[in-house]
Structures are given as structure tokens and as C-alpha cells.
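These notes concern the structure reproduced below.
Protein chains: 4
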Amino acid sequence: MIQMSLIQIDNYGPWTVTPTPRNESDLQILQAELYADVQRQFATKKGLVFFTRFDNMLAVTNGINREDHFRIQRSIRNRYPITISMGVGTGKTPYESQKIATQVLQEKGGAQSSDRKEILAIDSLVNKEDSYVQMAHIDINGVTESLTDNVPAFDTNFMVNKAQHYLMTELIKKGALLFFIGGDNFMSPCNGLSPKQLKDIIEKIHKEIGIKHKAGVGRSDNAEDAAYSADLGLEVIRQGNNKEIVHVFKDE
Amino acid sequence: MIQMSLIQIDNYGPWTVTPTPRNESDLQILQAELYADVQRQFATKKGLVFFTRFDNMLAVTNGINREDHFRIQRSIRNRYPITISMGVGTGKTPYESQKIATQVLQEKGGAQSSDRKEILAIDSLVNKEDSYVQMAHIDINGVTESLTDNVPAFDTNFMVNKAQHYLMTELIKKGALLFFIGGDNFMSPCNGLSPKQLKDIIEKIHKEIGIKHKAGVGRSDNAEDAAYSADLGLEVIRQGNNKEIVHVFKDE
Amino acid sequence: MIQMSLIQIDNYGPWTVTPTPRNESDLQILQAELYADVQRQFATKKGLVFFTRFDNMLAVTNGINREDHFRIQRSIRNRYPITISMGVGTGKTPYESQKIATQVLQEKGGAQSSDRKEILAIDSLVNKEDSYVQMAHIDINGVTESLTDNVPAFDTNFMVNKAQHYLMTELIKKGALLFFIGGDNFMSPCNGLSPKQLKDIIEKIHKEIGIKHKAGVGRSDNAEDAAYSADLGLEVIRQGNNKEIVHVFKDE
Amino acid sequence: MIQMSLIQIDNYGPWTVTPTPRNESDLQILQAELYADVQRQFATKKGLVFFTRFDNMLAVTNGINREDHFRIQRSIRNRYPITISMGVGTGKTPYESQKIATQVLQEKGGAQSSDRKEILAIDSLVNKEDSYVQMAHIDINGVTESLTDNVPAFDTNFMVNKAQHYLMTELIKKGALLFFIGGDNFMSPCNGLSPKQLKDIIEKIHKEIGIKHKAGVGRSDNAEDAAYSADLGLEVIRQGNNKEIVHVFKDE
Chain A
1 MIQMSLIQID
11 NYGPWTVTPT
21 PRNESDLQIL
31 QAELYADVQR
41 QFATKKGLVF
51 FTRFDNMLAV
61 TNGINREDHF
71 RIQRSIRNRY
81 PITISMGVGT
91 GKTPYESQKI
101 ATQVLQEKGG
111 AQSSDRKEIL
121 AIDSLVNKED
131 SYVQMAHIDI
141 NGVTESLTDN
151 VPAFDTNFMV
161 NKAQHYLMTE
171 LIKKGALLFF
181 IGGDNFMSPC
191 NGLSPKQLKD
201 IIEKIHKEIG
211 IKHKAGVGRS
221 DNAEDAAYSA
231 DLGLEVIRQG
241 NNKEIVHVFK
251 DE
Chain B
1001 MIQMSLIQID
1011 NYGPWTVTPT
1021 PRNESDLQIL
1031 QAELYADVQR
1041 QFATKKGLVF
1051 FTRFDNMLAV
1061 TNGINREDHF
1071 RIQRSIRNRY
1081 PITISMGVGT
1091 GKTPYESQKI
1101 ATQVLQEKGG
1111 AQSSDRKEIL
1121 AIDSLVNKED
1131 SYVQMAHIDI
1141 NGVTESLTDN
1151 VPAFDTNFMV
1161 NKAQHYLMTE
1171 LIKKGALLFF
1181 IGGDNFMSPC
1191 NGLSPKQLKD
1201 IIEKIHKEIG
1211 IKHKAGVGRS
1221 DNAEDAAYSA
1231 DLGLEVIRQG
1241 NNKEIVHVFK
1251 DE
Chain C
2001 MIQMSLIQID
2011 NYGPWTVTPT
2021 PRNESDLQIL
2031 QAELYADVQR
2041 QFATKKGLVF
2051 FTRFDNMLAV
2061 TNGINREDHF
2071 RIQRSIRNRY
2081 PITISMGVGT
2091 GKTPYESQKI
2101 ATQVLQEKGG
2111 AQSSDRKEIL
2121 AIDSLVNKED
2131 SYVQMAHIDI
2141 NGVTESLTDN
2151 VPAFDTNFMV
2161 NKAQHYLMTE
2171 LIKKGALLFF
2181 IGGDNFMSPC
2191 NGLSPKQLKD
2201 IIEKIHKEIG
2211 IKHKAGVGRS
2221 DNAEDAAYSA
2231 DLGLEVIRQG
2241 NNKEIVHVFK
2251 DE
Chain D
3001 MIQMSLIQID
3011 NYGPWTVTPT
3021 PRNESDLQIL
3031 QAELYADVQR
3041 QFATKKGLVF
3051 FTRFDNMLAV
3061 TNGINREDHF
3071 RIQRSIRNRY
3081 PITISMGVGT
3091 GKTPYESQKI
3101 ATQVLQEKGG
3111 AQSSDRKEIL
3121 AIDSLVNKED
3131 SYVQMAHIDI
3141 NGVTESLTDN
3151 VPAFDTNFMV
3161 NKAQHYLMTE
3171 LIKKGALLFF
3181 IGGDNFMSPC
3191 NGLSPKQLKD
3201 IIEKIHKEIG
3211 IKHKAGVGRS
3221 DNAEDAAYSA
3231 DLGLEVIRQG
3241 NNKEIVHVFK
3251 DE
């Protein structure tokens, strides 16, 4: 079972334009620092947060309990001009978990309701015994040589965004999620996805748009260790000159 | 003329896996804080930075000179475990500017070259008289009501990413760029794009994928003021119940 | 028993002037952000860090184990241009604890040795049953009315620094420490100090230099809760119009 | 003439205990990040901020105008739960400047008045021609060998605080200020203080409390460059094996 938390800034849209639109650079700094801050706090308990839409962030939070969530909310309230609400759900797939996490929060009121504030809505938490996270770290083969060092920066960005769109489209069908984590890297919480299925998706996208990915897969009872094993899986592929497409890392 | 700067972390990819892969949450925090930091420094001179791929950021930097760029590089070197290189270019369209900014930096060596470090490659700077920035602030109509409060968080994220992909695809043909700035918001540096062209793009995408956008457009001699006018343009559309699709804001 | 950790930047002095002196504002930002960062990480486990000399910070860390310390070290290494070493000690008084924490670290090499790096030297950790923290939150009576709103800002600063010097001088004799925490506020880890002794110190200083303090005292098995009770003790004194000098807060 | 700005958090004391005392670690993080943030913004214009009491900060701001101050206030309002007011003054000595900066702000209302908010009170700004800043960077001789590596961390801290108290006491008589900047380092804005007077103060303190200081002195039309020259002055003394007590650095 994978546990996911939705972190949502309360009534953020209206705040950004009250009384007049706030300076865009200030909003960008606020959002990036809030993400970094929430990440650091979840990370001390081996969670992993994805910036998603910045005003709505999704996190894999196996092993992180009600009090931990509450303390993060309190810490944000004390240091930011905004507050956050959270929903928490668990499921067999990441898609299912975030769906439940969203629903329990939606039931408490709308994101732009001025009444709803600092909600902590927990549908369920994963037990230690059932805790299981599968992560795939996916990147694009040879992006620095073929793109970064050769085409305009925005074209590279466009290609990475295109890859993201195609990966998301396929993975969501299997109950897996996909998040951009910078550079040419994506992280996919993907409980329930087999290495074969992932390989097929990567090959399909290669045929469709000519972009070649590779993926390291890691498994653990928490997000941090699963992501680390996925990183190691990717290293194994690199050491083998990218001949493998998917490598599931296992400690021996 | 619009001036753009490419900000690139030196030799970042190799660093992230040396000697073993670094903790993913630490990398996420590092990237988000670096972005916030660079933003804050460019913003004191009315520039605006887009996070782009985090290890490669693009910024509109009209009015920001060589010494300003150098001081930002120095400040990053003194406080981060990494250094940054920058390329600066100017052009009639944002696409052209970033293309030149990329080229002058690429000529100094590869992004993952261990020799290339803290390059500041300036092709040209915009004069005060020629300085001109056009920005469009584009958002999705009614995203909170139709998506955020009703469908799973990841589905909303998926739709926003899809919108981004389609907008990028069309805008790049006209020499305009597009950056996600959080929520359901995009900022498009778009010198040379007419309001009619922008309206046509928005209507085309509505037909193709059923997502309805609106756009405020602002113009100034610097990024900050252009973005602010674009925000005000969007407010005008909202006050008119979203009947307009594109509004060019003009101070009267 | 109170547990204290010494957090020391490795070889920091030499780094600040290599190859030439680094920009002072950058160093100030680095130090303040490092403090904020270490604080946030210890705080997720109910520890409390004092900025002390910034390159050497002292923290009350009851309940925080070896792995927690190690993870903080790793996180700093991944995001800063410097690394940190730590020593941990326990004792009946805070003075004793920090003395041991310093010694175990000193034994591993000098603060400016280029060989010594990322040491984690733990003399002992407090058991759950023996864990006990007493904190006094001390402030100056009526500082806003008498000083902030009436005399030059630096004179107020001078008075607060003078108060700190006198408080430190007396408290250290009893095995208690004193840290400035901003405004006119001090926090004193003070296991072993009786309310009577604290009252005597405050009255002595009032006679000597004419500055009148008050103190809330809190007790718990961790730093956060002890500090919070100390805050509540101070609130009780304020509600009684500052007639009490020392109030030990007790939950009823 | 030296220009100083007082930066004061509006109505901060009451906010920290409303509705109940806020978590101490959160307040510490808020204060440190606010300081780092304000520092970074003033530093882009060659100003230098001292943390002072955190809720009241003093800055040397030669060359920084009304709009610059206003933009910093706006940026803080958009990203923090608190707002700041500022007073600006100029004078022949730093003491005089900060006195005026304090007075113009005090005239607008008390620091804990709930009415007073985001005041920007400027008595005067320094002209380019009259702009002059003298800074002394003072440190303690051999603190790492004699203290950091040999006595408990808090004892070193105590000695540094004692040194600060004695330095402040003497310097204020001459119109100079003194700020702790971490480690065993102090920065003294000291327009009007002669090298002979500084040497006499250092020798007097050596006799009184046995602590030996040295000082590099720098002069420029802005805080950053004056501080940098002071750093270089200190390096000259170190290279001469600390035989000099005061060295005024001059570019040749």
C-alpha cells in the first residue's frame, strides 16, 4: 500500500490578486520556498514531495502520521502569509491513493472557499507491515549531448515537456503517476506497474515521438529509500552503456 | 528588443550522482532554493526568471547589465555547492533571444564539461531606447470549479500539463515562449505576437482539446512591469465575466 | 538529563578568505540560512538550536538519535558549500552537556583542521526515561515602551547586549546557559537551577545595572515542549501585570 | 556622510503570542530567514544589513534610494506573515545616522502599535558626492587555537560576548557602532573614528579583560566595498603575523 498526501494552499488564487495582483517574482519565490520547505519537513521522515502545480503538491508519505502532518501545517502558518490544507489517502496504486487524498479534502470545502482553512483530512494511514512504495526514476537518453549542448534551451525544454506529456498519458492508464524533477528527469510512483509494462511504455513512446527513455526501479517501505534504489538502478543501466531500458535495483 | 539570459548549473548531472546518487529530496530543495534565490536577485532589477528545467533556467533580463549578472554568479558560488554559467542574447522575439543566449554559452563548452565553469557569455545587451517586453499571462477558465474541486489532483495536473504542451507547440511557431508559473497559470514572453494571433491559438486549442484559456497582455521596457500589466489585463477579463479571450492592458 | 549537540562548520574561517575574502553579505546569508535550516531539521524532532556564534551552534537535542544527526549532516553536505561536524553530550546541567559535546568533537581534530570533516562524535544519548529539559524564557520588562519607542535603535541593542552579558555571567556559575533569541528575549536551558536561584539572579542584576527581567520556566522531556511551557509561564506573569518575577508553568 | 536604515517588524511582539505563543523554532527560522532575505535584497545594491535584534535590524545603505526601500517592503509583505517599517537617516557618524533613522520612524507610531504599518520614513538620503563609509572588521587574535579547540563551546561564546560588550561600550563613545557577524568577528561602521583611536580602544580592552583584538579598516562610498577593504586590511595583518593592531587598507 502506498500513502499519498495532497498539500493545498488555502484560497490561494484570490489572495494572489488581492487587493491588486501581487508581483510575479514574489509569487514565484513564495511558491518555490514553500515547496522546498514542505519537502525538507516531509524528508526528515523519509517522505518525498513533488511540486506538481505548486499551489497543489502531491507527496508520497508512507510512515508519516497525523501529528507529523499537523506539525508541518503549524510550521507553515507561523512563517508564511498563507496556510495549507492536506488530504491523505492510501491505495494499491498511487493513482488510487491521490484520488482518495483529494476526495477527503474536497469534502471539507473548495480550494477557494474563504471558510475552509488548515483542514487535515485523513482517510487512512498505511500500517508498517503493509507499507510498500515502488518508484521509477526515468530519464532521457543522452539529453546533454543531443539537446542541451546543441539546440536552443527552450527547444530542449519543449522536448522534455513533450516527453512528460506522453509518459503521463501512458502511465496514468496503469495507475502510475509521473512528476518532473528537473533536468531530463522524472519520478514515477508506480506501485502495481510491472517492469515489462514500463518497458513497453518506453518503447511505445520511442516509436511515437522518437524520444528514448530509460528507467531505474526501486522498492521499499518508504519513499526515500525507494527513490534511492531507483537512482541506483539508473546507475546500473548507465554503467552498462544504456543497453538496458528498465533495471529493477535489488540489494544483494 | 527583448533580452534573455540562460542560467545553467555547471556540470550538474555528474555532481548529482557523485560519489553515489544524492538524496532526491536534497536535490529538490537545492533546485527550488536556487531558483528562488536567482529570482530574488534578478527581481531587484525588474527581471523575471522562469524555472524551466531547474538546472537550466531562462530569464527575461532587459535593463540588467554585465556587472549585475556577475554579482549573481558570485553570490551563488559563495552559498551553494554548485556554480552557474550564463549566456545572454537579444532579439526581436523571445525565441531568437534565448537561441542566441544558448549559442554564446554553448560555444564556451558543454554543460557537463568539467573544464567549463562560471562562464558569463554576453552576445549583446538591450539599449534603454530599444528595450521592449511583451508578456501574456494565460490561464485556464474555471479550473478551480471544474477540476481542482471535482477531480483527483493528479488529473488536474495532467490537464494543466496537456494545456502547456499544446500552448507551447503553437506559440513556439510564432517565436513566443511559454512557461508554467503554478496553479493553472502560464507566462508567455511574446514580443512580435499580435493579440489576434494569440486569440486564434487559444481558439484552436479549445477546439482541439476542449480546454478554454484567456490571456492578459502587458507591454513595458522591462519584464516586471510587462508581467504586471498582463496580470491587470487578466483582471479586466475576469471582471467582464470571461467574455473576452485576450485583453491588452493599457494605462490610461 | 539534558542532551546537547555542538554543530560546527568544518574549517570555516580559512574558507571565508579563500582565495580572497568572500563578500560579507553572502557570508551573512549563508550563516543565517544554515542556522534556519539546521533549526528546521532538529525542530521536526522537537529539538531547539541556538545560533550562538553561527559557525558554532548549540542545540538541546533530547530524543534525537544518531541517525537523525547523520541525516542532518548529509542534507547540509548536499546543499551548502561547507560541511558540518557534530559532538553530542549529556549531563545533569546544560553546561556539563555542552562541555562533553565539545570535548568529544575536539578529540577528533581542530575546527580549522583541513583533515577533520563531517565528524559525528557522540559521547552519549539520553534515554527516554531520564530525559529532562528545563528552560527559562527571560525577557526585559517594558522594553518597547522604555527603549524601542524612545531611544536610538543601537542604544536599545546596547542595553539588550549588556543584559545578556550580565545574565550569562551569573547563569554560567549555576551550570545554566543563556542564548539571545531576538528582540529582548533570552532562552536559558537551566536544568538544576531552582526558581529561587533564578529570582535571586534577576534581582541582583536589577540592582547592579537597573534592568528588570522576568522569567517563565517550563519543564518537559524535550526542548520544544519545555520552551513552550516557559512561554506560557511568561504569559502568566504578563497577565498578572508583571508582579511575579519567575513563574514555573505547570499544566493542571 | 553615512546613511543608515532601521528595519523594524511591525507589531511583532504581540503577533508572536497570538492567540497563544508560537513555536519557538518557527520564530527562530522566521527571523533568520527574514534577515537573510533583507540582506540579499540590500546587498544587490551594495548595502549591508546587521541582524542586531532580528525584530529591529540596522543597515548601512549609502546609494540605496526610496524606491529600493519600498520594493523591499513590498517583497516582504508578499512572502511573510509580517510586514516591516523602515526609517532612514544620514549623519557624519553611524551613531548619528541610526539615531535619526530611529527618530523619523518613532514619530510615525510605536513598534507595537496596531495602527502603524509599513511606514517608510526617510529623513534624508546621502548624495553620491558626499557618500562615505568607513568600516572596521575586528576579530579576536587566535580564537580557534586558544578557545574553540580547547574550552567548552559555551565558554568561547561567553568570551566573544564579553568582548562584544566591551567593544560596544568604547566604540559608542566615539559615535561608532559594533555588530557581531559570527565566529569571533565584529563589523564596526565607524565614520569619524581615527586608526589611533581604534588602536587605543583595542589596547585598553586588552588591559581590562585580557582579550586581544585586531582590526582591518576600509573606506568607500558604499558599505560593500568598505567592508571588503576592511577584510583585506585584516588579511594584511594576518600575513604580518598579527604584529599590527590596526591596518587601514588602501588600493595602490
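Chains A, B, C and D are the protein sequences, given in the same order. In terms of the numbering used here, the first sequence has 51 at position 51, counting the first letter as 1, and numbering is strictly consecutive. With positions in the second sequence counted from 1, the corresponding number in the numbering used here is that position plus 1000. With positions in the third sequence counted from 1, the corresponding number in the numbering used here is that position plus 2000. With positions in the fourth sequence counted from 1, the corresponding number in the numbering used here is that position plus 3000. The beta carbon of each residue, even a glycine, is placed where N, CA and C say it ideally should be.
Under the three-state reduction of DSSP output, A:A59 falls in the strand class. Annotation: the continuous alpha helix (DSSP H) that includes D:A3032 extends over 3024-3043. In this structure, the straight-line span from the alpha carbon of D:D3026 to that of C:F2158 is close to 26 Å. Collapsing the DSSP output to three states places B:I1119 in coil.
Boundaries around B:F1070 are those of the alpha helix (DSSP H), 1066-1077, since no beta strand (DSSP E) includes it. In this model, B:I1140 and C:I2072 are separated by some 41 Å (Cα to Cα).
Taking 8 Å as the cut-off between beta carbons, the residues of the segment 2034-2057 of chain C near chain A are D2037, R2040, Q2041, A2043, T2044, K2045, in sequence order.
Assignment of B:P1094 by DSSP, reduced to helix, strand and coil, places it in the helix class. In this structure, the straight-line span from the alpha carbon of B:V1151 to that of B:E1170 is close to 27 Å. Put simply, the backbone Cα of A:L147 is about 48 Å away from that of C:S2005.
Taken through DSSP and simplified to helix, strand or coil, B:F1054 comes out as coil.
By the C-beta criterion, the segment 3085-3105 of chain D is judged to be in contact with the segment 3116-3127 of chain D, since at least 3 inter-stretch pairs fall below 8 Å. Among the residues of chain D, those whose CB is under 7 Å from the CB of C:H2165 are N3161, K3162, H3165, following chain order. Distance between C:G2233 and C:E2203, taken at the CA atoms: about 18 Å. Pairing C:F2154 with C:K2214, the inter-Cα distance amounts to about 23 Å. Setting aside the 5 residues that flank it on each side, B:V1088 is surrounded in the same chain by S1005, A1101, I1122, each with a C-beta closer than 6 Å to its C-beta; the list follows chain order. Only residues of its own chain outside the window of five on either side were considered, and among them Q3, S5, G47 have a CB closer than 6 Å to the CB of A:T61, listed in chain order. Cβ neighbours of A:Y12 within its own chain (closer than 7 Å, five residues either side excluded): D55, I82.
Where A:A227 is concerned, the enclosing alpha helix (DSSP H) starts and stops at 223-239.
Neighbours of D:P3195 in chain A, taken as residues at a C-beta separation under 8 Å, are lacking, since the least C-beta distance is about 43 Å.
The three-state reading of DSSP puts D:D3139 in strand, counting E and B together.
Straight across, the Cα-Cα distance linking D:A3136 with C:T2020 is about 17 Å. Counted as a single uninterrupted DSSP element, the alpha helix (DSSP H) harbouring A:F154 occupies residues 153-173.
Around the beta-carbon of D:P3014, fewer than 16 other beta-carbon atoms lie within 10 Å, marking it exposed.
Taking C-beta atoms as the reference points, B:G1091 and B:S1085 fail to come closer than 7 Å.
If you draw a straight line from the Cα of C:I2211 to the Cα of B:I1009, it comes to about 53 Å.
Here DSSP, grouped into helix, strand and coil, assigns C:K2108 to coil. When beta bridges are read from the DSSP output, B:F1180 appears opposite B:F1186. Note on C:F2249: 16 or more other CB atoms within 10 angstroms of its CB, so buried under the neighbour-count rule. When rounded, the separation of the alpha-carbon atoms in B:V1143 and B:I1209 is 15 Å. Look at C:I2211 here: in three-state DSSP terms it is coil, with no helix or strand label. In the DSSP assignment, C:V2248 falls within the beta strand (DSSP E) that extends over 2246-2248.
For A:P81, the nearest beta carbon of chain D is closer than 7 Å to its own beta carbon.
In the same chain as A:K45, and ignoring 5 residues on each side of it, the C-beta atoms closer than 7 Å to its own belong to G63, I64, D68, in chain order. In the displayed model, B:L1006 falls within a strand according to three-state DSSP.
Chain A places a beta carbon closer than 7 Å to that of D:L3030, counting this residue as a contact.
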